[in-house]
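In the UniProt record's numbering, the protein residues as written are 1 to 670.
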C-alpha cells in the first residue's frame, strides 16, 4: 500500500511538472489546427474551382473538335457536290473514259485539298479513285453515303469503310439530264496529324481521335512519339462505346493526370459507336504546383507555431511555471510532513494578485494549519512517552478538518486510558483463571496417562487373538486346498474307471464278433471234412491212380478236424473271457458309484472348510478394524495427555504474562 501511495505521489508530481508542457502542446495543436483548417478552407475550394474550370475547358475543346468535324463533313459534301457537277467527269462517264476521270479527280483533289475522291457508275462500281485502297472495278454500293448518293441524296458521316482508314466521308449523286449516272465519294483521313495539331494550337488542349477504342491520331506524345495504336481505358470505353454516353472527369493517361472529355462518334444510322473524340488538359503540373503550395503553407505554419510556442513558453515560465513549481513544492512538503519556515518564505515570494497569488495565500494558510497541528500532536507524543494519558489541548485554535483530527487524537488518548483500565481488570481475571486451568489440566493429563496404559494392554490382547485367528484361517485354507486336491484325484479316478468300463464293453463286443468268426471257421472245417470224405471215396474208385489224391484228402480231413478242435477251444476261451469281462464290468460299476459318493462327500467337506476359512477371514478383518480403533483411541488419549500437559504449561505461562501485564498497566497515569 505504501509503495502504491509513493507511485501515486510521483505521478502527481510528474503531471504538475509537465503542466506547462501540456499547455504548450494544447496551444500548438490549436494553432496547427487553425492553420490547417484555414489552409484547407482556402485551398480546397481553389482546387475545386480549378478542376471545374479545367473540365469546362475540356468540354469546350471537345465541342470545338466536334464542330470542326461537322464543318469538315459539310465541306466534304460541298466538295463532293462540286466534283459531281464537273462537266469533264460527266462527259467521261458517258464515254466511259476512266483515264480522263482519274486526271480530273486528281486535279480537283489537289485544288480542294481532299485526301481521296472516288467516282462510281450507277451501280456503285468504282470507275476511278485517287486512293490505292479503293480498287477500280470493286463495288462500294454498300457504303452508307454511296447508298444515299445513288438514291439521290448528299450525305456525310465519320467511319471506316472496307479497305479504308477512319475518315470523314461524303457522297453526292452525279446527274445527267436528270438521271443518276454515278456517284462521287470524298473523304478526309482522320489520322492526319495536321487536324489535331491545328486544334491544339487554337485551344492549348490535347486532342485524340479513336477508331473504335484504338487511338489513330493524337497530340499526346510519349517517349518522343505520338501515342497512336494504344487503346482506351476499359472503364471509360464501357461508358462511351457500350453505353453511348459522354464522359467528363479525371483520367490517368500514360502516368499523368488529365481533366478529360470523351464524346462518342455515332454511325450514319445512329445505332453504333464507330469511334471516340477526346479533349483533355494535362493537370499533372497544376496538381504538383497545388501540392507544393500546400507544403509551403504547412512549412510556414510550422515555423509560425514554433515561434509562437517559444514566445508563449517564455511568458508561461515567468508568470505561471515558476510560481506553480513553488506551490507544488509547498504541497509536496505538506504531503511528506516536512513543513518548515523555508517553505513559508518560498510561498511569500509569490506576490501576484492573480489566481496563482490566491493559490499561494491558500497554501500559506494550509502550511500554518499543518504546523499548528504538528505542534499539538508533538505535545501528545511527549505525554505518551511520559505515560501521562490525562493530557489535553485547546482545540478551538484549530478549524475544519484539523479540529476533527485533534478531536480524534484526544479521543484516542481517552480511549487508550479506558482500554488500559479494562486490560488491568482482565489481567487480574486471567491470572486467577489460568491457575484453575493449570490444575484441571494436570488432573486431565494424569487420567489420560492411565487410559493410555489400559489401551495398550487391550491392544496387546487383541493382537494375540488376531494371531490365533490368522493361524486358524491359514489351517482352514490349507485343509480347503487339500480337500480340493483330493476331490480332483477322486474325479480323475472316476474318469479312469469310466474309461475302463468302456474298454471292457469294447472287449465284450469284440469277443462276440470273434465268436461269430470261430463259428464260421467251424462250419468251414465241417464242410472241408465232408469234401475230404468225398475225395477219399472218389480216390478209392480211381484205384491205383487215386492213391495220391487219397493221401491229400486225408491230410485235408486231418487239417479240418484240427481246425474244428481249435475253433472249439477258442470259443471256450472267449466264453470264459466274456464271463470275466461281465464280472469286471459289474465290479467297475460298483467302484464308480463308490467314487461318485466319495466325490460328493469331498465337495461337501470342501464347502464346509471354505465357509470356515471365510469366517476366519471375516474375524481377522474385524480384529484388524478393532485394532485400528484401539490405535486411534490410544493416539487420542496420548494427544489428550500431551495437550493437557501443554495446557497446564500454557496456563502457568499465561498467569505469569497476566502478572507482567498488570505491572505494565500500573505504570500509566490514568
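Think of the CB as a built atom: it goes at the ideal place given N, C-alpha and C, for glycine as much as any other residue.
Coil, strand or helix - residue i by DSSP
| i | result |
| --- | --- |
| residue 459 | helix |
| residue 543 | helix |
| residue 256 | strand |
| residue 281 | strand |
| residue 215 | strand |
| residue 400 | helix |
| residue 636 | helix |
| residue 154 | coil |
| residue 140 | coil |
| residue 13 | At residue 13, the pLDDT of 44 sits below 50, so the modelled position is not reliable; the number obtained from the coordinates is stated separately. Residue 13: helix per DSSP, three-state reduction. |
| residue 59 | helix |
| residue 272 | coil |
| residue 2 | Any reading at residue 2 must be qualified, since the residue scores a pLDDT of 42, below 50, and its modelled position is unreliable; the value itself is stated next. DSSP places residue 2 in helix when its eight states are reduced to three. |
| residue 93 | helix |
| residue 292 | helix |
| residue 176 | strand |
| residue 108 | helix |
| residue 127 | strand |
| residue 590 | helix |
| residue 206 | strand |
| residue 495 | helix |
| residue 192 | coil |
| residue 132 | coil |
| residue 657 | helix |
Cutoff 7 Å; reference residue i; Cβ partners in own chain excluding five residues on either side
| i | result |
| --- | --- |
| residue 58 | 205, 248, 259, 260, 261, 279, 280, 281 |
| residue 68 | 199 |
Local Cβ density within 10 Å of residue i, reported as buried at 16 or more and exposed below that
| i | result |
| --- | --- |
| residue 151 | exposed |
| residue 275 | buried |
| residue 522 | buried |
| residue 134 | buried |
| residue 254 | exposed |
| residue 89 | buried |
| residue 311 | exposed |
| residue 65 | buried |
| residue 124 | buried |
| residue 173 | buried |
| residue 647 | buried |
| residue 143 | buried |
| residue 562 | exposed |
| residue 504 | buried |
| residue 5 | No answer about residue 5 holds up, because its pLDDT of 39 lies below 50 and its placement is not dependable. |
| residue 461 | exposed |
| residue 412 | exposed |
| residue 26 | exposed |
| residue 525 | buried |
| residue 62 | buried |
Residues bridged to residue i (per DSSP)
| i | result |
| --- | --- |
| residue 225 | 222 |
| residue 250 | 259 |
| residue 185 | 118, 171 |
| residue 73 | For residue 73, which the question treats as bridged, DSSP gives no partner whatsoever. |
| residue 563 | DSSP lists no partner for residue 563. |
| residue 629 | Answer by DSSP bridge pairing: none, since residue 629 is not bridged. |
| residue 266 | 273 |
| residue 231 | 214 |
| residue 159 | 167 |
Nonlocal neighbours in the same chain, by C-beta distance under 8 Å from residue i, ignoring five residues either side
| i | result |
| --- | --- |
| residue 166 | 158, 159, 160, 189, 190, 191, 209, 211, 216, 274, 275 |
| residue 466 | 620, 623, 624, 627 |
| residue 121 | 93, 127, 181, 182 |
| residue 501 | 585, 588, 589, 592 |
| residue 228 | 191, 215, 216, 217, 218 |
| residue 514 | 570, 574 |
| residue 516 | none |
Chain-order list of residues whose beta-carbon lies under 6 Å from that of residue i (same chain, five-residue window excluded)
| i | result |
| --- | --- |
| residue 226 | 218 |
Cβ pair count under 8 Å reaching 3, the segment 194-212 against the segment 285-305: no
The segment 185-199 touching the segment 210-217, judged by at least three CB pairs closer than 8 Å: yes
Cβ pair count under 8 Å reaching 3, the segment 178-186 against the segment 76-84: Result yes; three or more Cβ-Cβ pairs closer than 8 Å.
At least three beta-carbon pairs within less than 8 Å, the segment 554-572 to the segment 525-543: Because the criterion of three Cβ pairs below 8 Å is met, the segment 554-572 and the segment 525-543 touch.
Segment contact, 8 Å Cβ cut-off, at least three pairs: the segment 579-590 with the segment 536-543: no
Three CB pairs or more closer than 8 Å across the segment 264-271 and the segment 238-248: Of all C-beta pairs linking the segment 264-271 to the segment 238-248, three or more are shorter than 8 Å, placing the two stretches in contact.
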